[in-house]
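In what follows, a structure is listed as structure tokens, so that the remarks can point back to it.
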Amino acid sequence: MNDIKINVPEDARKIISTLNDAGHEAYVVGGCVRDSVLGRDPADWDITTSASPAQVKELFRRTVDTGIKHGTVTVLMKSDGALNGYEVTTYRIDGIYDDGRHPRNVTFTSDLSKDLERRDFTINAMAYHPEKGLVDLFGGREDLSDNVIRCVGDAEKRFGEDALRMMRAIRFAAQLGADIEPDTYAAIKKLAPTLEKVSAERIRVEMEKLLMSDNPEFFRLFYESGLTRVFLPEFDACMVTAQENPHHAYNVGEHMLHAVSAVNLERLAEEYPGEEYEKNKKILRLTMLLHDIGKPAKKTVDEEGIAHFKGHPELGTRMSGEILRRLRYDNDTVKMVTGLVAAHEIRYPAEKKSVRRVIGRVGEDYFPLLYYVNEADALAQSMFMREEKLQRLQDIRDLYKEIKRDNECMSLKSLAVKGADLITAGVKPGPGMGEILQKMLEDVIEEPSHNDREYLMSRLREYTD
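If you read the sequence shown in our numbering, its first letter stands for residue -5, the second for the next number, and so on.
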């Protein structure tokens, strides 16, 4: 088992050696070991030790009591002029879980095996020492090799301790492209209703991590296991709503899942580097998950057996806003997602004038992402007229690039006339001023050459009428 070599950061090595020199055991543990075995770069390095929190604090000059009740002290190490934090947690045995999240009490122990056996999954219950090597008491390395998510010990007990672990099991499966061991999955299905004990904030984090993974379609397991019945019952309705329409190949829920996976991330990364990419990836995947959420309530079937969903964007806009707020999303995310949901069914010809008009209607911030939404939506439909739909979208994209290249006016912020110009001309501030500016914008959208201050002001009386 000790043939695994992990490149532990120097600061973490120093913490381990300091604890060892004082007569205590210490290992890096959990996710950092898992990721290292997989050949990935860990985001954090956590340390577990036989030393008590008080002993840890005595050995290091800079510490923070981040979870002292449960044995966790953050040790701050200065490296390259910056302070980096490492969570150091005492080996512990958890008591009874009263709230489905926190143990009533914890008992510190000097036995590493007792600490590892309380952890959620085998792949997270491995420890590593730079000199002693890997400690894997529950087959985590083998489960990583076999691509299996398995609870440590009894799955029902693990999920009874913290119901969020059910979502974590599916999230890890999505991130690793893994299967969930049958007994573990059976326990999820049995205990799914207990997820109601978990806060919306914690649920949001797990849901979002899955959606941001390479396998967002694993969201389906949230539904099949019964978890969405607790945190997103609106999605359950979508999974039983058929779409008897030549444009569709799936029910509403399956269509939305296929759309989530169809977002073109390669192009998105090219167009939005760095943090903008991560932000827009989240916005787009949430949008595709929710874009047709209003369809079940709006479904009608005509005399020929064709399904229609008139009004679903408007209802979906309201529903998606309610869902995102219920999951405690920030206002900016709610605004962007609901804006895209509202606009995703707008139909217009691939003509410059129409493109400018829609940009003016939905806003310059939304329009570039709306292309991704429309493309993913089309790719998640049937093959009926797919090439024509994609060609139309490409034509619209090309026209948008021309509009941007030529700096054509698409919104009030690029209109040649401002509110101050109207005030100078004797127009009183208020709703009337806004109506004048909107009429000027409509004129300019129809004919870009009209975006000239002198021209627009010369026609002020016409815009006032």
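The beta-carbon is built from N, C-alpha and C at its ideal position, and this holds for glycine as well. Nothing here was measured: the structure is a model prediction, and the numbers come from that model.
Item to check | Element boundaries [alpha helix (DSSP H), containing Arg165] | outcome: Leu158 to Leu170
Next on the checklist: I'd like to know whether the C-beta atoms of Leu477 and Tyr80 end up nearer to each other than 7 Å.
Outcome noted: Past the boundaries of the shown model lies residue 477; the chain is included only from -5 to 459, so the question cannot be answered.
Next on the checklist: Looking only at its chain, what residues have a beta carbon closer than 7 Å to the beta carbon of Asp230, apart from the 5 residues adjacent to it on each side?
Outcome noted: Tyr217, Thr222 and Arg223
Checklist entry - Using the C-alpha atoms, what's the distance from Ala337 back to Val367? => result 9 Å
Checklist entry - Would you call the stretch 288 to 303 and the stretch 316 to 326 in contact, with 3 or more CB pairs under 8 Å? => result no
Checklist entry - Would you call the stretch 236 to 250 and the stretch 349 to 366 in contact, with 3 or more CB pairs under 8 Å? => result no
Checklist entry - Can Ala6 and Val22 be called in contact, C-beta distance under 7 Å? => result yes
Next on the checklist: Could you pull the DSSP bridge partners for Lys72 from this structure?
Outcome noted: Leu77
Item to check | Where Gln385 falls, given that 16 or more other Cβ within 10 Å makes a residue buried | outcome: exposed
Next on the checklist: Considering only DSSP beta bridges, list what Thr418 is partnered with.
Outcome noted: Per DSSP, none; premise fails for Thr418.
Item to check | Distance, Ile182 Cα to Cys26 Cα | outcome: 25 Å
Next on the checklist: Tell me the rounded alpha-carbon separation between Asp130 and Met120.
Outcome noted: 5 Å
Checklist entry - So is Gly268 buried or exposed if we call it buried at 16+ other beta carbons inside 10 Å? => result exposed
Checklist entry - Any contact of the stretch 193 to 205 with the stretch 151 to 162, i.e. 3+ C-beta pairs under 8 Å? => result yes
Checklist entry - When you compare only the Cα positions, how much space is there between Ile439 and Ser207? => result 40 Å
Next on the checklist: Counting only beta-carbon separations shorter than 7 Å, does Leu384 have a partner in chain B?
Outcome noted: Going by chain labels, chain B is absent from the structure shown, which holds only one protein chain.
Next on the checklist: Rounded to whole angstroms, what is the Cα-Cα separation between Arg279 and Glu369?
Outcome noted: 13 Å
Checklist entry - Near Leu204, what residues of its chain come up, given a Cβ to Cβ distance below 7 Å and the 5 sequence neighbours on each side ignored? => result Ile164, Arg165, Ala168, Pro210, Phe212 and Phe213
Checklist entry - Mapping DSSP to helix, strand and coil, what is His249? => result helix
Item to check | Residue ranges of each beta strand (DSSP E) within the stretch 256 to 330, 3 or longer | outcome: none
Next on the checklist: Please give me, in chain order, every unbroken run of the alpha helix (DSSP H) with length at least 4 that falls completely inside the stretch 348 to 403.
Outcome noted: 361 to 373 and 380 to 399
Checklist entry - Between Val100 and Asp109, is the Cβ-Cβ spacing less than 7 Å? => result no
Checklist entry - Taking C-alpha atoms, which residue in Phe303, Thr332, His302 and Arg322 lies nearest to Met313? => result Thr332
Next on the checklist: Please classify Lys398 as buried or exposed, where buried requires at least 16 neighbouring CB atoms within 10 angstroms.
Outcome noted: exposed
Item to check | N- and C-terminal bounds of the alpha helix (DSSP H) containing Pro178 | outcome: The residue you asked about is not Pro; residue 178 is Thr in the sequence shown. It spans Pro176 to Leu185 - the alpha helix (DSSP H) in which Thr178 sits, taken as one unbroken run.
Next on the checklist: For the stretch 248 to 267 against the stretch 180 to 196, do three or more pairs of beta-carbon atoms, one drawn from each stretch, fall closer than 8 Å, so that the two count as touching?
Outcome noted: no
Checklist entry - Leaving out five residues before and five after Arg196 in sequence, what residues of the same chain have Cβ atoms less than 6 Å from its Cβ? => result Leu158
Checklist entry - What do you get for Tyr394, buried or exposed, if any count of 16 or more other CB atoms within 10 angstroms of its CB means buried? => result buried
Checklist entry - With Gly305 and Lys292 assumed to form a contact (beta carbons below 8 Å), what rounded beta-carbon distance in angstroms separates them? => result 5 Å
Item to check | Close-in-space but distant-in-sequence residues of the same chain around Ala16 (CB under 8 Å, 5 per side omitted) | outcome: Ala45, Gln49 and Leu53
Checklist entry - Leu128 by DSSP, collapsed to three states: which one? => result strand
Checklist entry - If you follow the alpha helix (DSSP H) that Arg86 is part of, which residue opens it and which one closes it? => result Premise fails: Arg86 lies in the beta strand (DSSP E), Arg86 to Asp88, not in any alpha helix (DSSP H).
Item to check | Nearest to Arg112 (by Cα), restricted to the options Leu262, Phe153, Glu265 and Tyr342 | outcome: Phe153
Checklist entry - If you run the structure through DSSP and keep just helix, strand and coil, what is His123? => result strand
Item to check | Between the CA atoms of Leu334 and Glu265 - distance to the nearest angstrom | outcome: 18 Å
Item to check | Residues of its chain near Cys232, where Cβ-Cβ distance is below 8 Å and the 5 sequence neighbours each way are ignored | outcome: Asn245, Val246, Gly247, Met250, Asp286, Ile287, Lys289 and Pro290
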